[in-house]
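Residues in the sequence shown are numbered from -10 upward in steps of one, following the numbering used here. Every residue, glycine too, gets a C-beta built ideally from N, C-alpha and C.
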Amino acid sequence: MKTTIKTGLLLFLICAFSAGLCGVINSITAPRILINTQKETEAALSAVSGGYVIGEDIGSTDPSITMVIPLLDGDEVAGYILELKANGYGGGMTMIASYLASGELMKAKMMANSETPGLGKKSENEWYMAMFEGLGASSPLPKSKSDLPADQAQSVSGASITFSGVSGALNLGSNYVKGLGGAL
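Spelled out as structure tokens, the structure:
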């Protein structure tokens, strides 16, 4: 009986020490992680802004669109940057995409995903998102691989679910921006 209590108390102390150590490490690293995430987001916003002035987030009621930032050309709204959430084969994906007020996709960047290396992870490459650029206003964004030219369809082969998630999110963003037009 004494051995059981002694062992239980020892295990409790080890767990309490470990939990306390994890808490201390988290309090040290959490601010740095937040700063790095903010820097990464600012760099992505700048990369997709197309040289326009980046405004302040005006928010969205759509749960798949977590950020709406106007792109300003003087006093005029030239377009918007959206943070889009979608699902792929590996789960949730987060993208940042810029659109002209007409709904035309200017540029998109994958920010986070859990897709399969060598297949769905291709969506992180610049060439992948370039397949969608310039589309969305008068030319529709591709909804499936069959909407792509043969060479592009081959390059995304094996990652149909990822492609559908990216395409669906970018189409949602285009339609959302068309609804906003140049209004704030």
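Residue i to residue j span [Cα, whole Å]
i           : j          : result
residue 6   : residue -6 : 18 Å
residue -8  : residue 1  : 14 Å
residue 37  : residue 15 : 32 Å
residue 47  : residue 3  : 48 Å
residue 98  : residue -4 : 53 Å
residue 29  : residue 83 : 13 Å
residue 152 : residue 58 : 25 Å
residue 51  : residue 23 : 24 Å
residue 169 : residue 66 : 10 Å
Interface flag, residue i vs chain B, CB-CB below 8 Å
i          : result
residue 67 : Absence of chain B from the displayed structure is noted, only one protein chain being present.
Cβ shell of residue i (< 8 Å), same chain only, five flanking positions each side left out
i           : result
residue 54  : 71, 72, 73, 74, 161, 162, 165
residue 156 : 121, 130, 131, 132, 133
Which residues DSSP lists as bridging residue i, in chain order
i           : result
residue 87  : 70, 96
residue 65  : 62
residue 168 : None; residue 168 has no bridge partner.
residue 119 : Answer is none; residue 119 lacks a bridge partner.
Residue environment, residue i, which counts as buried when at least 16 other CB atoms sit within 10 Å
i           : result
residue 17  : exposed
residue 112 : buried
residue 33  : buried
residue 158 : buried
Neighbourhood of residue i by C-beta, 6 Å cutoff - its chain only, sequence neighbours within 5 removed
i          : result
residue 42 : 61
residue 93 : 125, 126
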